[in-house]
Amino acid sequence: MNNDNLSRRDRRDSRPLIQIPSAVRFRDDRRHPIKHLLIGSPEAVQITQQTLEILRYADLRDWALPLPLGEPFKVAPAPGDVISTLIRYLAIE
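Residue numbers for the sequence shown follow numbering that gives the first Met the number 0, so the first one is 0 and each next one is one higher.
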């Protein structure tokens, strides 16, 4: 399988398949990478990103640009990775 972020198994289909690659971890770095994935309406994603910046948890500049989810996507875990999901409901005025 191709390791680029926009690839498909079926080469006849030219539409991109969104893939989220594993985070890089350097040998001498004691930190553990964590991936945050926000899926929701554009407004809810933006509000959540802004809230995380206000809380000094994540800088807005560190987020990837939002991509429309009209296509399936794949998360490529590193060996030993786990996944946990949290669903929150935001009231957007």
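Here a beta-carbon is modelled for each residue, glycine too, at the ideal position from N, C-alpha and C.
Where V44 falls: helix, strand or coil (DSSP)
When secondary structure is reduced to three states using DSSP, V44 falls in the helix class.
Beta carbon of P32 nearer than 8 Å to that of P65
Contact: no.
When the Cβ atoms of the segment 65 to 74 are set against those of the segment 34 to 49, are three or more pairs found closer than 8 Å?
Output reads yes: the segment 34 to 49 touches the segment 65 to 74.
For a minimum of 3 consecutive residues, which ranges assigned as the beta strand (DSSP E) are wholly contained in the segment 21 to 82?
You should have 72 to 74.
To the nearest angstrom, how far is the alpha carbon of V74 from that of E92?
Using only the alpha carbons, I get a separation of about 32 Å.
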